[in-house]
Amino acid sequence: MPASSSRTDRSARLTRWLVTLPPALFLVVFFLIPALIMAAASFREPGEFGGLAPLAERGFSLDAYRFVLDDVIYAWILAKSFAVAGLTTLLCLVLAYPLAVLIVRSPKRRRDLLVLLVILPFASNFLIRIYAWMIILGPLDLLYSPVAVIVGMVYVHLPFMILPLYTNLEKHDPALLEAAQDLGAGGWARFWCVTWPLSLPGVLSGSALVFIPVLGMFAVPELLGGTGDLLIGNLIKEQFLDNRDWPLGAALSLLLTLAVLAVAGLSSALTRNRGQM
Amino acid sequence: MRLALLVLLLALAAPARADDTLHLYIWNNYISPETAARFEAWCGCRLKQDYYSDNEEMLAKLEAGAAGYDLLVPTGNAVHTLIRKNELQALDHQRLQHLANIATAFADPWYDPGLRHAVPYATTVTLLGFNATKLAELGLPTDSWALIFEPAHLQKLKGKVTVLNSQRELMAAALRYLGHPVNDTDPDHWRAARDLILRAKPYWATFSNSTYIKDLAIGNIWVAHGYSNDMFRARADARAAGRPFAIGFAIPREGAVLAVDNFVIHKSARRPDLAHRFIDFMLRGENAADVSNLIGAGNPNRAALPYIRPEVAGETALFPPPETLQRLEMLRDLEPQQRRLMSRLWTEIKVK
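One line per chain: the protein sequences are A and B, in this order. Mapped onto this note's numbering, the consecutive letters of the first sequence carry residue numbers 4 to 280. Mapped onto this note's numbering, the consecutive letters of the second sequence carry residue numbers 18 to 369.
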């Protein structure tokens with residue numbers, strides 16, 4: 004029956020196309036095209052009134068890149084932003100992991116309520132929640148400091164760490180832990196040898212969901228930070244909104260994207276290596 | 018046939034009459050609801066407002082193709098930009114009978130000589146707001162930029178000062194303190210201003226564009242570099258809350274930045290007729306006064322003065338006497354390469 008099998012083949016292929024087309028289209032329209040526009044803008048010159056100088060008059064130039072790369076200050080801001088993002092991710096992980104374990108171990112009927120509580124803050128506006136932190140941190144003399152920035156970043160992004168961890172931990176087979184216990188493993192050994200390695204995909208996706216948005220965040224440092232808390236997100240925002248220098252802003256965004264891709268590539272290479280061991 | 022044509026004409030005309038709406042793109046809270054209602058009653062049309070929170074936002078939205086706004090309310094430098102981009106309709110002075118109400122100091126501005134495109138509506142000064150009670154206790158001067166730049170004063174104010182998160186505004190204050198014009202473009206003067214700012218920065222709490230209103234009013238901050246109408250609001254808030262201190266504000270004697278917001282008619286305006294009627298309505302003293310009473314804006318309209326509450330009109334920081342007015346300057350836009358250098362210095366200020 005070669006004919007009929009080729010027909011199911013074809014219809015399967017068609018279904019696959021139909022299912023993958025919308026998200027692919029979405030990525031092309033809302034990620035690829037804007038990214039290409041950004042890349043093109045970074046090789047142009049700033050226009051007199053903002054925007055870009057006419058291509059016919061000024062053509063393409065490497066000025067924006069020369070300006071950024073000639074100057075150690077931009078590399079320093081990038082490094083500092085990575086440090087803030089890394090610290091935020093780490094703190095989120097430390098706070099979220101026990102909570103996710105707790106939710107998974109609580110009775111089934113209460114889990115939904117607990118997950119709902121985790122996402123409940125999203126019901127109120129982001130700015131209002133940040134202003135609430137200003138009221139809390141003000142009397143503690145912590146407002147307008149690097150500590151306030153980290154607190155705000157962790158607070159805003161914590162749910163993005165909890166949820167992937169919870170979905171991952173929920174799928175673990177309790178029999179594995181029982182088997183480990185039967186074989187004489189203590190609490191720590193059970194955690195390090197069973198739960199932690201199994202939860203790594205959740206840890207990684209949670210970390211990505213925290214690390215990458217933190218790198219681009221400008222509202223938290225602007226509202227909670229002090230006089231020295233400029234991150235790469237603020238710098239990029241300033242180029243577009245305050246300074247009307249699109250090429251410089253585009254070049255900085257592109258370098259940031261490349262740096263993030265490099266980190267993502269590095270971490271995936273590391274996990275692959277560990278998988279092979 | 019003729020009847021059919023008449024019916025068609027009527028059908029076309031009816032919705033047009035129902036659509037007697039003037040579209041205004043304006044700063045938030047810049048026209049009181051009472052003024053808007055009075056205009057609607059007087060003109061027999063509707064006034065629809067959309068809001069922006071800074072000139073860049075408005076320019077960006079127009080750049081992206083936003084159409085259908087009849088009137089905009091840009092600040093002087095943005096008016097200049099719009100004129101050079103050929104985005105504005107020339108005003109018909111025949112239809113603005115009350116144009117002579119504009120005070121001479123504002124009647125021939127650099128951004129639009131002869132007011133051919135723009136009619137000044139309200140003014141703001143970038144100045145110093147302060148906790149008057151606290152500063153009197155500390156024995157500090159309130160009429161000089163030295164308050165936010167001199168370590169000798171700042172030692173008593175550590176962590177109690179905010180400055181605007183705006184490269185142009187803060188650099189302008191520093192340039193004036195060093196004796197240069199706010200639109201100075203000499204890179205050496207810019208670097209000197211940067212050094213002045215960096216020397217003072219360790220004493221400042223943060224760069225803030227809006228939170229200083231609240232911080233001043235509740236006593237968290239004792240000195241803020243910011244806009245006169247914001248200081249007016251902070252003072253009113255502190256009074257309303259019965260705080261045990263008073264908020265004051267003053268224009269530093271070295272000079273400061275003046276911003277003048279203007280009514281202009283966009284080239285895509287569908288109802289320039291209504292726009293002219295609106296501008297002329299707002300030029301009448303009793304209507305022009307409302308914005309000053311509402312938010313403590315300075316007023317370029319001399320016929321408005323009798324209608325402005327005495328505690329507003331008597332405030333010299335809002336209505337500066339001529340000798341102070343001479344020391345106020347409007348910001349002009351920089352060239353792209355100058356903007357890049359300014360941004361580089363600003364980044365250094367932020368990071369160090």
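Every residue, glycine too, gets a C-beta built ideally from N, C-alpha and C.
query: Is it true that the CB of B:I264 sits closer than 9 Å to the CB of B:R378?
result: Nothing about residue 378 of chain B can be reported from this structure: the residues present for chain B run from 18 to 369 only.
- prompt: What's the gap between the Cα of B:L108 and the Cα of B:P353?
  reply: 30 Å
query: Applying the criterion that 16 or more other CB atoms from any shown protein chain within 10 Å of the CB defines a buried residue, is B:S70 buried or exposed?
result: exposed
task: Would you kindly work out how many angstroms separate the C-alpha atoms of A:T92 and B:V96, rounded to a whole number?
output: 45 Å
query: Quick one, are the C-beta atoms of B:P91 and B:N72 less than 9 Å apart?
result: Yes.
- prompt: Would you say A:I80 and A:L233 are within 9 Å of each other, going by their C-beta atoms?
  reply: It is a contact, given that the beta carbons lie within the stated cut-off.
- prompt: Would A:L21 be called buried (16 or more neighbouring beta carbons within 10 Å of its own) or exposed?
  reply: exposed
task: For chain B, find out if any of its Cβ atoms is closer than 9 Å to the Cβ of A:I76; answer yes or no.
output: yes
Cβ-based neighbour list, B:A35, same chain, cut-off 6 Å, excluding 5 preceding and 5 following: For B:A35, the predicted structure reports a pLDDT of 47, less than 50, and the residue's modelled location is therefore unreliable. The matter cannot be settled from this model.
message: Among A:V159, A:G89 and A:I153, whose alpha-carbon lies nearest the alpha-carbon of A:A267?
response: A:G89
message: Could you pull the DSSP bridge partners for B:N279 from this structure?
response: Answer is B:P137, bridged to B:N279.
message: Which residues of the stretch 53 to 75 of chain A have a Cβ closer than 9 Å to any Cβ of chain B? Give them in chain order.
response: G53, G54, A56, D66, A67, F70 and D74
task: Output, in chain order, the set of chain B residues within a Cβ distance shorter than 8 Å of A:I80.
output: What A:I80 touches in chain B: T364 and V368.
query: Do three or more CB pairs link the stretch 318 to 332 of chain B to the stretch 76 to 92 of chain B at distances below 8 Å?
result: no
message: What does the Cβ neighbour count give for B:L335, buried or exposed, with the cut at 16 atoms within 10 Å?
response: buried
task: Identify which residue in B:D201, B:L181, B:E104 and B:G61 has its Cα closest to the Cα of B:S245.
output: B:L181
field: Supposed close pair A:R247, B:R208 - CB separation, criterion 8 Å
entry: Contact doesn't hold; Cβ gap of about 22 Å is too wide.
message: When you compare the CB of B:R361 with every CB in chain A, is at least one pair closer than 9 Å?
response: yes
field: Meets three-Cβ-pair contact criterion under 8 Å: the stretch 136 to 156 of chain A and the stretch 177 to 197 of chain A
entry: In the pairwise beta carbon analysis, the stretch 136 to 156 of chain A is classified as not touching the stretch 177 to 197 of chain A: fewer than three pairs are separated by under 8 Å.
- prompt: Would you report the Cα separation of B:R270 and A:V206, rounded to the nearest angstrom?
  reply: 59 Å
field: Endpoints, the alpha helix (DSSP H) within which A:F52 is located
entry: A:F52 -> no alpha helix (DSSP H), and no H or E assigned at all.
task: Alpha carbon to alpha carbon, how far is A:V159 from B:G131? Give it in angstroms, no decimals.
output: 52 Å
field: Residue interval of the beta strand (DSSP E) (run including B:T38)
entry: T38 to W44
Cα-Cα separation between B:T150 and B:R260, rounded to whole angstroms: 11 Å
- prompt: In chain A, which residues lie less than 8 Å from B:T228 when you measure between Cβ atoms?
  reply: M137 and L226
message: Considering only their Cβ atoms, is the gap separating B:M359 from B:V277 smaller than 9 Å?
response: No; because the gap between Cβ atoms is not below 9 Å, this pair is not in contact.
message: Suppose contacts are defined by Cβ-Cβ distances below 9 Å. Is B:A286 in contact with B:L88 by that definition?
response: yes
query: Within 8 Å: the Cβ of B:D350 and any heavy atom of the ligand MG?
result: What this structure holds is no ligand at all, so the ligand MG is not there to describe.
query: Between A:S64 and A:P250, is the Cβ-Cβ spacing less than 9 Å?
result: Against a cut-off of 9 Å, the Cβ pair of A:P250 and A:S64 comes out as a contact.
message: Which of the three DSSP states is assigned to A:H175 in this structure?
response: Assigned with DSSP and collapsed to three states, A:H175 falls in coil, not helix or strand.
query: What's the C-alpha gap between A:L168 and B:N103?
result: 56 Å
- request: Classify A:W136 as buried or exposed, calling it buried when 16 or more other Cβ atoms lie within 10 Å of its own Cβ.
  value: buried
- prompt: By a C-beta neighbour count over all protein chains shown, 10 Å radius and 16 as the cutoff for buried, is B:N45 buried or exposed?
  reply: exposed
- request: Step through the CB atoms of chain A and report whether any lies within less than 9 Å of the CB of B:F224.
  value: yes
Extent of the continuous beta strand (DSSP E) to which B:A222 belongs: It is not in any beta strand (DSSP E) - B:A222 carries neither H nor E in the DSSP assignment.
- prompt: How long is the line joining the alpha carbons of A:A27 and A:I215, rounded to whole angstroms?
  reply: Going from the Cα of A:A27 to the Cα of A:I215 covers about 21 Å.
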